[in-house]
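If you're matching them up, the sequences are chains A and B in order.
Letter by letter, the first sequence follows residues 1 to 164 in the numbering used here.
Letter by letter, the second sequence follows residues 165 to 903 in the numbering used here.
Note that CB positions come from ideal geometry on N, CA and C, so glycine has one too.
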Amino acid sequence: MSQSPTSELTLIVNGEKHHVEVLADEALVHTLRDRLGLRSVRPTCGMGICGTCTVQLDGSVVSSCLLLTVQVAGRPVVTSEGLRSDDGGLSRVQQAFVDRGAYQCSYCIPGMVVTVHACLSENPDASLEDVRDYLAGNLCRCGTYVSILEAVTELVESEADDRP
Amino acid sequence: MPDAAERVVGTLMYTVDHSIEGMVHGKLVRSPYPHATILAVDISRAQASEGVLRVITGADIAAAAEIPNPLFGLARRDQPPLAMEKVRYAGDPVALVVADTPANARAAAESVMIDYDELPFVVDPEQALASGAPVLHELWPGNECGEWRLETGDTDGAMAAAEHLFESEYHSPMASPVPFEPHVAVAVWEGNSLDIWTATQWPAAVQGELAHMFDVSTERVRVRTFPLGGGYGSKSQLKIEPVVAAAARMMGRPVRVELDRDEVFLTVAKHPAKMWIRTGVDASGRFVAREMDLLYNGGAYAVLTPKAVAQGMLRSVGPYRFPNMRIRSRGVYTNTVPSGSFRGAMTNQCAFAYESHVDEIATGLGIDPVELRLKNLSCDGDRFATGQVMHDVHFHELVQDVTQVIGWNDSEPPPMSGRARGKGMAVILKTTAPGSRSEVRVELFADGRVLVHTSSVDMGQGVLGTLAQLTAHHLGVDFEAVTVLDPDTAATFDSMTAGSRTTHVADRAIREACESIRAQLALFAAEQMGVDPSELRFEAGSVAGPRGERLRYSEIVGRARVSAVVGEGVYQSAPSDALNEPPDVRGVVADHWHQGAVAVEVEVDLETGKVELQRCHGAAWAGRVVNPIRARQQSEGSIIFGIGPALFEELVVVDGQVSNPNLSDYMIPSILDVPIELTSSSLESADPDADIHGVGEMTIPAVAPAIANAIARATGARIRHLPLTPERVLRAILGAEQV
Chain A
1 MSQSPTSELT
11 LIVNGEKHHV
21 EVLADEALVH
31 TLRDRLGLRS
41 VRPTCGMGIC
51 GTCTVQLDGS
61 VVSSCLLLTV
71 QVAGRPVVTS
81 EGLRSDDGGL
91 SRVQQAFVDR
101 GAYQCSYCIP
111 GMVVTVHACL
121 SENPDASLED
131 VRDYLAGNLC
141 RCGTYVSILE
151 AVTELVESEA
161 DDRP
Chain B
165 MPDAAERVVG
175 TLMYTVDHSI
185 EGMVHGKLVR
195 SPYPHATILA
205 VDISRAQASE
215 GVLRVITGAD
225 IAAAAEIPNP
235 LFGLARRDQP
245 PLAMEKVRYA
255 GDPVALVVAD
265 TPANARAAAE
275 SVMIDYDELP
285 FVVDPEQALA
295 SGAPVLHELW
305 PGNECGEWRL
315 ETGDTDGAMA
325 AAEHLFESEY
335 HSPMASPVPF
345 EPHVAVAVWE
355 GNSLDIWTAT
365 QWPAAVQGEL
375 AHMFDVSTER
385 VRVRTFPLGG
395 GYGSKSQLKI
405 EPVVAAAARM
415 MGRPVRVELD
425 RDEVFLTVAK
435 HPAKMWIRTG
445 VDASGRFVAR
455 EMDLLYNGGA
465 YAVLTPKAVA
475 QGMLRSVGPY
485 RFPNMRIRSR
495 GVYTNTVPSG
505 SFRGAMTNQC
515 AFAYESHVDE
525 IATGLGIDPV
535 ELRLKNLSCD
545 GDRFATGQVM
555 HDVHFHELVQ
565 DVTQVIGWND
575 SEPPPMSGRA
585 RGKGMAVILK
595 TTAPGSRSEV
605 RVELFADGRV
615 LVHTSSVDMG
625 QGVLGTLAQL
635 TAHHLGVDFE
645 AVTVLDPDTA
655 ATFDSMTAGS
665 RTTHVADRAI
675 REACESIRAQ
685 LALFAAEQMG
695 VDPSELRFEA
705 GSVAGPRGER
715 LRYSEIVGRA
725 RVSAVVGEGV
735 YQSAPSDALN
745 EPPDVRGVVA
755 DHWHQGAVAV
765 EVEVDLETGK
775 VELQRCHGAA
785 WAGRVVNPIR
795 ARQQSEGSII
805 FGIGPALFEE
815 LVVVDGQVSN
825 PNLSDYMIPS
835 ILDVPIELTS
845 SSLESADPDA
855 DIHGVGEMTI
865 PAVAPAIANA
875 IARATGARIR
885 HLPLTPERVL
895 RAILGAEQV
């Protein structure tokens, strides 16, 4: 059996351009992990259910295990690493998770962070119910959900207080 | 946690992220048959595939001179790295294809041709015990995989004299721990020395068993691991390490294997159990006798089953007084996924049985189930069924805590029509792991840094943070100064990170190490100040002399001209031979008693049978809480973990095959399955030096029985099979036969 053909393409990941050669049937999660070294993106179920490979594509959350890399050439992809500020500081969502201790084994947490970013950029005043619905596709086997909800709802409240 | 930012951003290194120079990649070929003789393995096409370096079979390993003892297993050495002569379950690894890339190994694995001769197979434990059943292992006729007994008092006499007798049978199915990081290992040999990085909870067990397999001294096997992306028992004992180490040995180069998701499901499962209980109760509602028969499905290989069924038996005693008791507990081989540890190991199954049973007794007697529990719970100074005197017993406090929070006696508004509402609770006992040992080495440097060498594995419980906190406390330094290193068997020995033991044992070992360092600092400081050590006083990070002089730790180390002041500490659990010789168990079986309770409120849709958890509260006896955030994560995480096997998780075997080895067909709790009101308590002693109790698994065993009891109180329907699926609930409500 021979390998599938390869394609050369340009990816835009976390604001940077990468020229890569990928297999035609290569899933985005493997390109991000194995070729670009972005460890936050993790394949767990391989079928778009668990959410540990969640990234933003064109600003929407997607499971990178369900996308072929060749499909996303030239389109902006953002991973949890790319949500940090330019100086490497944590994003407000990431900081909220740290402050609440909203992590255990943490394998699922970067995917949660990516999803929460999308949720709050869509609706900065997201209610508890909104956040729950948004996170329904991000599974956590350690069962950190309660702390995660607290981290996000506290963030929403504090940012609402900060707004004029 | 010191590494919180890395955890949240996603840059934390797990074993799955580890690579070493020159490593090649293995893909396992697994049996499609539950029981079959291997007639021939044709590797020619696979061997000729692109990038393939070698295809290894069980026969190759059996013939390899450098692998003198290929069979492994901590309770029985019955498992080969790759099947030899026959396969014993659908999913048994038969060959390993090693190639330059994972993709090439995967592609070539499909072209390994194996001829099998199918054998009769058995997946039901009772059928496996029947005469004429297929035998999995010739060395263990009758498929026996452990048998234990526990007997105290005159059970038959007490049953005969009892006012009431209650008898039921309960079933807990196969389930899967589902760690998100898969099993993964990379091994490299240099001469007769093996370096292996593996996602394991038991580095020392991997070290010892691999040393035996290759007949090298344990010092020549170095096992390291990174924080785990979840363990929950699945990374206990040995899993893929033997085949990875064997391949690296035979090929003379580093080999890495990472399992696919379906393979993780096929590697280890929770012991399915059938549990029969009979209880004698006197006229005042006191339990006078208990009889149990426990039958555990061990799957195709022993792993730890012959010993685990003894733990299941001890834990089935539960938190109640029984003057007369007789239990038999058996494990049996079947042609299914090997059974192993699962969070709340050997406690979840029996707790579902005995706590459902207590509610059935209360219903039968017409009294409140909490009242019945309070009347029968064990107290300090009681004797456990093995004769051990119990101390530090707090079941009454736990029951009071959870019933108060859930509002046990409060009247609630009626549910919408078509729905029923009810509250339920359960309280559990778990024994601690027997015969365990932990060593730590603490090093204090002249720049003030403190390094802690331990082989406790961080798997989400935050042990690196907890151990740093304990070290800071016992040494009297800032938390930020302390770094806890990842596990390394070359540095320290630790039996395992399992059984909710680590914080309890590490506290003692670290205290001993820190006391040693402080004693050395006192000697150095006395010499440096020209005073007697007895005149010194320890303050935060420094030592003060009688005339107000003060030296910081770092100054003392620097002036002493040593590279570091080193303290070592050891925890060794009390020696006990209670579990050495089957079948009878007597004497000391636990260092202390793990204790937990859960109360829930549910609503049941009477048309669909769907159960909705409205509220849930869990409590663990912590003794002394080291870190409130992490203690809470353990209790609430345990509850959430427990919701899955209670309501919907089951690994289904059809025609000898696991039919749902994926996260679409095997569902685990999502955020939508978690009640909005989910809380927990970690109960503490008033004594600031109280014994630390593990809190990692204290609530999970109580979740399923609490929910089953709530369903019964809401609807009158008693369900004795897990999981409590809508179909089962609906059938029970309709009074139909249980499924």
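Since residue i and residue j should fall inside the 8 Å C-beta cutoff, what is the C-beta to C-beta distance between them, to a whole number of angstroms?
i, j, result
"HIS435/B", "SER503/B", "4 Å"
"VAL93/A", "LEU120/A", "7 Å"
"PRO257/B", "ALA410/B", "The pair is not a contact, with the Cβ atoms about 11 Å apart (cut-off 8 Å)."
"PHE559/B", "VAL445/B", "With 8 Å as the limit, PHE559/B and VAL445/B do not qualify as a contact, their Cβ atoms being about 18 Å apart."
"ALA662/B", "SER505/B", "6 Å"
"PHE516/B", "LEU886/B", "6 Å"
Quick check on DSSP: helix, strand or coil for residue i?
i, result
"GLN821/B", "strand"
"ALA549/B", "coil"
"ASP206/B", "strand"
"GLY101/A", "coil"
"LEU68/A", "strand"
"GLU112/B", "Residue 112/B falls outside the range modelled here, since chain B spans only 165 to 903, and no answer is possible."
"SER698/B", "helix"
"GLN56/A", "strand"
"ILE12/A", "strand"
"VAL789/B", "coil"
"ASN461/B", "strand"
"SER2/A", "Confidence at SER2/A is low in this model, with a pLDDT of 48, below 50, so its placement is unreliable and the value that follows should be read with caution. Reduced to three states, the DSSP call for SER2/A is coil."
"VAL903/B", "Confidence is the limiting factor: at VAL903/B the pLDDT is only 47, short of 50, which leaves the residue's position unreliable and the question unanswerable from this model."
"GLN401/B", "coil"
"ILE184/B", "coil"
"VAL621/B", "coil"
"TYR253/B", "coil"
"GLU422/B", "strand"
"ASN540/B", "helix"
"ALA783/B", "strand"
Chain A partners of residue i, CB-CB under 7 Å?
i, result
"ARG171/B", "TYR103, SER106, ILE109"
"LEU836/B", "ARG132, ALA136"
"ILE804/B", "GLY143, TYR145"
"MET623/B", "CYS105"
For residue i, tell me which candidate among the options has the shortest Cα-Cα distance.
i, options, result
"ARG384/B", "ALA368/B, SER600/B, ALA292/B, ARG194/B", "ALA368/B"
"CYS309/B", "TRP366/B, ALA474/B, ALA204/B, SER213/B", "ALA474/B"
"ALA690/B", "THR667/B, ILE674/B, ALA662/B, VAL721/B", "VAL721/B"
"VAL752/B", "ARG779/B, HIS555/B, GLU185/B, LEU203/B", "HIS555/B"
"THR656/B", "LEU374/B, VAL604/B, ALA896/B, ASP611/B", "VAL604/B"
"GLY495/B", "GLU290/B, VAL729/B, SER828/B, LYS191/B", "GLU290/B"
"ARG420/B", "ASN307/B, GLU405/B, THR382/B, SER828/B", "GLU405/B"
"ARG492/B", "MET439/B, GLY582/B, GLY733/B", "MET439/B"
"VAL621/B", "VAL219/B, TYR178/B, ALA204/B, GLU214/B", "TYR178/B"
"VAL113/A", "GLU249/B, VAL173/B, GLU524/B", "VAL173/B"
Cβ closer than 9 Å: which chain B residues qualify as neighbours of residue i?
i, result
"ILE49/A", "ASN826, LEU827, SER828, MET831"
So does residue i have its beta carbon nearer than 7 Å to some heavy atom of the ligand SAH?
i, result
"ALA368/B", "Only the bare structure without any ligand can be found here, which leaves the ligand SAH out of the picture."
List, in order along the chain, the chain B residues whose C-beta lies closer than 7 Å to that of residue i?
i, result
"SER80/A", "VAL173, GLY174"
"VAL98/A", "ALA168, ALA169, VAL172"
"LEU139/A", "ILE832, SER834"
With a threshold of 8 Å between beta-carbons, can residue i be considered close to chain D, or not?
i, result
"GLY143/A", "Among the protein chains in the structure shown, which are A and B, there is no chain D."
Just to make sure I have the definition right: I need the residues of chain B whose C-beta is within less than 8 Å of the C-beta of residue i. Which are they?
i, result
"CYS45/A", "ARG425, ASN826, LEU827, SER828"
"SER40/A", "VAL173, GLY174, THR175"
"ARG84/A", "VAL173"
So residue i contacts chain A; which residues on that side make the cut at Cβ distance below 8 Å?
i, result
"ASP181/B", "ARG39"
"ARG700/B", "Checking the sequence, you will find Leu at residue 700/B rather than Arg. Near LEU700/B there are no residues of chain A at all, since even the closest Cβ is about 37 Å away, more than 8 Å."
"GLY801/B", "GLN104, CYS142, GLY143, THR144"
Quick one: which chain A residues come within Cβ less than 9 Å of residue i?
i, result
"GLU861/B", "Result: empty, since nearest Cβ-Cβ is about 12 Å, beyond 9 Å."
What are the uninterrupted segments assigned as alpha helix (DSSP H) that are 4 or more residues long and contained completely in the segment 278-340 of chain B, given in chain order?
289-293, 319-325
Runs of alpha helix (DSSP H) lying entirely within the segment 577-609 of chain B, each at least 4 residues, in chain order
none
Runs of alpha helix (DSSP H) wholly within the segment 730-769 of chain B (minimum 4 residues, chain order):
none
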